[in-house]
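For reference, the structure discussed in these notes is given below.
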Amino acid sequence: MEKKEAKSEENLVKKTCRELGITQKELAEIFGVTPHTVTNWVRGRMEEVHKRALIGLIYEKNLKDIEKKIQDVNIEYF
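Using our numbering, the letters of the sequence shown correspond one by one to residues 15 to 92.
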């Protein structure tokens, strides 16, 4: 069961980097941690607060994408 949890965390780190278009090193800089810490996160050693922060980064990006699409529609139709 621990392996499944670690895989989920690994996917979250990789998904965050993919969604933001950044490297794991850049993710470390955003959080003010070492690249080694991010490597630990990929391996499943991550505190809940960091999981939530990663999810927050993804949501923030998605909200910005949605906002841009709405603005584009407004410009096109109004």
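C-beta: ideal position from N, C-alpha, C; glycine also.
Exposed unless 16 or more other CB atoms sit within 10 angstroms - verdict on residue i
| i | result |
| --- | --- |
| residue 50 | exposed |
| residue 56 | buried |
| residue 52 | buried |
| residue 15 | At residue 15 the pLDDT is 45, less than 50, meaning the model places this residue with poor confidence and gives no usable figure here. |
Straight-line Cα distance separating residue j from residue i
| i | j | result |
| --- | --- | --- |
| residue 88 | residue 72 | 24 Å |
| residue 70 | residue 37 | 17 Å |
| residue 85 | residue 33 | 21 Å |
| residue 90 | residue 27 | 36 Å |
| residue 75 | residue 82 | 11 Å |
| residue 43 | residue 60 | 16 Å |
| residue 66 | residue 40 | 18 Å |
| residue 79 | residue 35 | 13 Å |
Anticipated Cβ contact below 8 Å, residue i with residue j, distance rounded
| i | j | result |
| --- | --- | --- |
| residue 30 | residue 68 | 5 Å |
Residue range of the unbroken alpha helix (DSSP H) whose run includes residue i
| i | result |
| --- | --- |
| residue 66 | 62 to 91 |
| residue 37 | Run containing residue 37: none; DSSP gives neither H nor E here. |
| residue 53 | 49 to 56 |
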